[in-house]
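Those letters in the sequence shown? Residues 18 to 196, per my numbering, in order.
From the three backbone atoms N, C-alpha and C, an ideal C-beta is built for every residue, glycine too.
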Amino acid sequence: MIILVGLGNHPKKYQNTRHNFGFLMADFIQSTHQFTTWRLDKKFKGEVAFGEINGQKAVLLKPHTLMNLSGESVQALIKFYKISPSGFIVFSDDLDQEFGKLKLKNNSSHGGQNGLRNIIQHLGTENFARLKFGISNAERDRIPAGNFVLMNFSEAEKAKIPELLKQGETKLIDWAQSL
Numbered sequence: 018m019i020i021l022v023g024l025g026n027h028p029k030k031y032q033n034t035r036h037n038f039g040f041l042m043a044d045f046i047q048s049t050h051q052f053t054t055w056r057l058d059k060k061f062k063g064e065v066a067f068g069e070i071n072g073q074k075a076v077l078l079k080p081h082t083l084m085n086l087s088g089e090s091v092q093a094l095i096k097f098y099k100i101s102p103s104g105f106i107v108f109s110d111d112l113d114q115e116f117g118k119l120k121l122k123n124n125s126s127h128g129g130q131n132g133l134r135n136i137i138q139h140l141g142t143e144n145f146a147r148l149k150f151g152i153s154n155a156e157r158d159r160i161p162a163g164n165f166v167l168m169n170f171s172e173a174e175k176a177k178i179p180e181l182l183k184q185g186e187t188k189l190i191d192w193a194q195s196l
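See the structure below:
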């Protein structure tokens, strides 16, 4: 079994913000790979859906802890299913990458992303995969990072999202094949 975690902020007001790229990816996988419908599971502090990726049973998770406390939700799910860190992948935004760039990394730092930072703190390891979607802030001198990530996507960015999610799906399947 593998675990797929989409990072984001649960309240509806954050639904279309750059910080919710991980949730967008999780929703994309849930719908295109015929996972079960999302259901809230309080013991995991988030929504879960079940299905398969590349012939492997999989659990999708969208934490409801808010981004900066995502580790609580991830740790609960991993402990319950007794999955090693190498058996899960996290989808997140990456402020340091140009919009439209995707990067699949393993065993690396949090790179300033607070959701990843919290997961690393709760698990005590950096040894897990991350699929990072670039959301670069070209106006850092004018818009602080904390505000930028909580802003809605621009129209130009929205137009690119479907293709980026398909590219993410390809990277996810490549990762699953490598296990």
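Under the DSSP assignment, lysine 177 falls in the alpha helix (DSSP H) whose first and last residues are 172-194. By the CB criterion at 7 angstroms, leucine 148 and lysine 118 fall outside the cutoff.
Rounded to whole angstroms, the separation of the alpha carbons of phenylalanine 67 and valine 76 is 5 angstroms. Methionine 84 is not a Cβ neighbour of glycine 141, given a cutoff of 7 angstroms. Asparagine 26 is classed as buried because its beta carbon has at least 16 other beta carbons within 10 Å across all chains shown. For the options Ser48, Met18, Asn144, the alpha carbon positioned closest to that of proline 179 is the one of Ser48. According to the DSSP assignment, isoleucine 70 belongs to the beta strand (DSSP E) that extends over 63-70.
Pairing histidine 50 with phenylalanine 108, the inter-Cα distance amounts to about 16 angstroms. For the set Asn33, Ser87, Lys79, Leu112, the Cα lying nearest the Cα of threonine 54 is the one of Lys79. Membership of arginine 56 in any alpha helix (DSSP H) is not indicated; the residue belongs instead to the beta strand (DSSP E) covering 56-58.
DSSP places threonine 82 in the coil class of the three-state scheme, outside both helix and strand. The C-alpha of phenylalanine 40 lies about 23 angstroms from the C-alpha of lysine 99.
For glycine 151 against aspartate 111, the beta-carbon gap comes to about 5 angstroms, under 8 angstroms, which counts as contact. In the DSSP annotation of this structure, the continuous segment of the beta strand (DSSP E) that includes arginine 147 starts and ends at 146-151. Within the same chain, Leu112, Asn154 come within 7 angstroms of alanine 162 by CB-CB distance, once the 5 residues on both sides are set aside. Non-local C-beta neighbours of lysine 177 in its own chain, meaning closer than 7 angstroms and more than five positions away in sequence, comprise Gly117, ordered along the chain.
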